[in-house]
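Asker: Structure incoming, see below.
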Amino acid sequence: MKKNPLVSIIILNWNGKRWLKGCLPTIRRVKYEPIEVIVVNNGSTDDSASFLHNNFPEVKVVEIKKNVGYAAANNIGVKNASGEYVLLINNDTKVTANFLKPLVDALEKDQSIGVIQPQVRSLINTRLLDSVVSYLTSTGFMYHFGYMKPWKNKKYQKRMYGFSIKGACFMMRRKEYINLGGLDEDFVCYVEESDLCYRVWLSGKKVMYEPGSIMYHWGGGDMQVMTKDEVTMLRSYRNRFLLFVKNASITQLIKILPILFIFCEGFILMSLIKGNLKSALGAQLGVLSVPFTLPKMLKKRRYIQKNIRKVTDQEINKYVLRNPRLSYYYFFFNNPKGYRD
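Just so we're aligned: 92 in the working numbering is position 110 of the sequence shown, and the numbers increase by one with no gaps anywhere.
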C-alpha cells in the first residue's frame, strides 16, 4: 500500500500569538498523516516563540531576526520544508479536520494541477465565502468570484479552474514551487500569489479550486499591523502592473496596461472625492513607482518568457479570462460583497 506523501504546513507569523492560539489547535486535529508544521517567526517582538515552545513542541520554528516581508519569509519556510507538498497558510485561519486529504488526492491524481486552493470561508460570518478563485479580466483587475457569497450556493460547490488562488491557503508540489521561483520577494506582499499563479499557468500547469476541502479565514491577521494604509495601496497598485510586465505576452501587455492605468486613475480620483487622501496618495505613488522597477522586472521577464513559458496567453485565457458586468467595478470600489456573480 502506497504511503501518504509528507505535507509541510508553513505558517508565517509576525507578532501573531493571538492568531496562532486559534490556528494551531485546529491543525493539530487534522486527520491526515504525515505532516510537518513549520512556523516562520518573521521578526516577531512578542512572545510568540516561547508560546510555541511551551504549547506546541511538535512545531518546527524558523526564527528570522527582522521582518523580511511576506513573500521572502514564506520562501524561507519552503526552503526549510521536507515535504513533497507544501501548504502555505496564514496564521489568521482555522482548518477542518479533513481539509488536507482532498487537496493531496487532487494533486496526486492529476499532474496537470500546479496549485490548488481549498474552499475558504469567512471567520467573521461563517455562512459566507471568503474566496473561491480570482479570474483575469480585460481591465487587469481581478474578478474575485464568490467573495462574501453564501457558500451553500451550488455554483461554489464544484471544482473549477481560476487565474489565481487566495494567498491565505494554497498547496503546491515543493519542487515546482522552487523551480518557478516561489513568491516574488520584490512584491513584498499583495498580488504576489497571483504572480506565482501566472507562472504556474505559463509552465503549462493549472490553478484549481477544491470545494471538498474546507477552512476558515479571518482576513488581515498580521497584515493589520504590518502595513499602514498608504503602504498597502502603494504595493497593491504597483504590483498590479508588475504582474503583467513580468508575465504577459507583448500582445496582452499592449491590450491590458492602458486600460489598467485608466481604471487605476479612476479609482484614485474616486478616493480623492470620498476624502480618502491616504489611499489616493498610496495608490498614486504605486502607479508612479512602476517605471523605477522596470530594469529589475524586465530582467525577470526575460527569464520567465525564455525558461518558464510553455503555452500562449490565448491558451491560458480560455480557462482564466472572465469579464464581469461593468457594475462589478462600482462594487469593487464601494462594496465588493454587493456584486452578484
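Glycine residues also receive a C-beta, built at the ideal position from the N, C-alpha and C atoms. Since we're looking at a predicted model, the values are computed, not measured.
Determine the direct distance from the alpha carbon of residue 304 to that of residue 99, and round the result to whole angstroms.
Answerer: Cα to Cα, the separation comes out at about 19 Å.
Asker: Suppose contacts are defined by Cβ-Cβ distances below 8 Å. Is residue 57 in contact with residue 165 by that definition?
Answerer: Yes.
Asker: Report the residue from 83, 110, 69, 177 whose alpha carbon sits nearest the alpha carbon of residue 150.
Answerer: Selected option, being the one with the closest Cα: 69.
Asker: Express the C-alpha separation of residue 60 and residue 157 in angstroms, rounding to a whole number.
Answerer: For residue 157 and residue 60, the distance between alpha carbons rounds to 10 Å.
Asker: In whole angstroms, what is the alpha-carbon distance linking residue 184 and residue 53?
Answerer: Residue 184 and residue 53: Cα-Cα distance of roughly 20 Å.
Asker: Kindly indicate the opening and closing residues of the alpha helix (DSSP H) around residue 272.
Answerer: That run of the alpha helix (DSSP H) goes 259 to 285.
Asker: Just verifying my parser: in three-state terms, what is the DSSP assignment at residue 19?
Answerer: Residue 19 falls in the strand class under three-state DSSP.
Asker: Could you check how far apart the C-beta atoms of residue -5 and residue 26 are, in whole angstroms? I think they sit under 8 Å.
Answerer: At roughly 6 Å, the Cβ-Cβ gap stays under 8 Å, so residue -5 and residue 26 are in contact.
Asker: Could I get the ranges of all uninterrupted beta strand (DSSP E) runs contained in the region 125 to 160, with 3 residues as the minimum, in chain order?
Answerer: Complete beta strand (DSSP E) runs here, min 3: 151 to 155.
Asker: Which term fits residue 327, buried or exposed, when burial requires 16 or more other beta carbons within 10 angstroms of its beta carbon?
Answerer: The requested residue 327 is not part of the displayed model; the chain covers only -17 to 323.
Asker: I need the straight-line Cα distance from residue 327 to residue 293, nearest angstrom please.
Answerer: Nothing about residue 327 can be reported from this structure: the residues present for the chain run from -17 to 323 only.
Asker: Cβ of residue 96 less than 8 Å from any chain B Cβ?
Answerer: The structure shown contains no chain B, having only a single protein chain.
Asker: Indicate whether residue 360 and residue -16 have their beta-carbon atoms separated by less than 8 Å.
Answerer: The first residue shown for the chain is -17 and the last is 323, placing residue 360 beyond what the model contains.
Asker: In terms of residue numbering, what span does the alpha helix (DSSP H) encompassing residue 247 cover?
Answerer: Note, residue 247: alpha helix (DSSP H), 232 to 256.
Asker: Give me the residue from 144, 246, 133 with the minimum Cα distance to residue 314.
Answerer: Comparing Cα positions, the closest option is 246.
Asker: Identify the residues that DSSP records as bridge partners of residue -10: which are they?
Answerer: In the DSSP output, where bridge partners are listed per residue, residue -10 has 18, 68.
Asker: Taking C-beta to C-beta, are residue 84 and residue 138 nearer than 8 Å?
Answerer: No.
Asker: Sorted by chain position, which residues of the same chain lie with C-beta nearer than 8 Å to residue 329's C-beta, five sequence neighbours on each side aside?
Answerer: Here the chain has residues from -17 to 323 only, and residue 329 is not among them.
Asker: Would you mind stating whether residue 102 and residue 9 have Cβ atoms separated by less than 8 Å?
Answerer: Cβ atoms of residue 102 and residue 9: not closer than 8 Å.
Asker: DSSP three-state call for residue 220: helix, strand or coil?
Answerer: Residue state, collapsed to three classes: helix.
Asker: For residue 225, which option in 196, 168, 260, 267 has the closest C-alpha, if you only look at C-alpha atoms?
Answerer: Residue 168 is the option with its Cα nearest to residue 225.
Asker: In the DSSP assignment, find the alpha helix (DSSP H) that holds residue 6 and state where it starts and stops.
Answerer: -1 to 10 is the span of the alpha helix (DSSP H), which, as asked, contains residue 6.
Asker: Could you give the DSSP three-state label for residue 187: helix, strand or coil?
Answerer: If DSSP states are grouped into helix, strand and coil, residue 187 belongs with coil.
Asker: If we ignore side chains and look at the alpha-carbon of each, how far apart do residue 1 and residue 74 end up?
Answerer: Approximately 5 Å, taken between the alpha carbons.
Asker: Return the CA-CA distance between residue 212 and residue 260, expressed in angstroms with no decimal places.
Answerer: Their backbone Cα atoms lie some 5 Å apart in a straight line.
Asker: For residue 92, count neighbouring C-beta atoms within 10 Å of its own C-beta (all shown protein chains included) and say buried if the count is 16 or more, exposed if not.
Answerer: Residue 92 is exposed by the Cβ-count criterion.
Asker: Using only the alpha-carbon positions, how far apart do residue 229 and residue 182 sit?
Answerer: C-alpha separation (whole angstroms): 11 Å.
Asker: Taking the alpha-carbon positions, what's the residue 252 to residue 265 distance?
Answerer: Spanning the two alpha carbons is a distance of roughly 12 Å.
Asker: In the DSSP assignment, the alpha helix (DSSP H) including residue 42 goes from what residue to what residue?
Answerer: Per DSSP, residue 42 belongs to no alpha helix (DSSP H); it is in the beta strand (DSSP E), 42 to 46.
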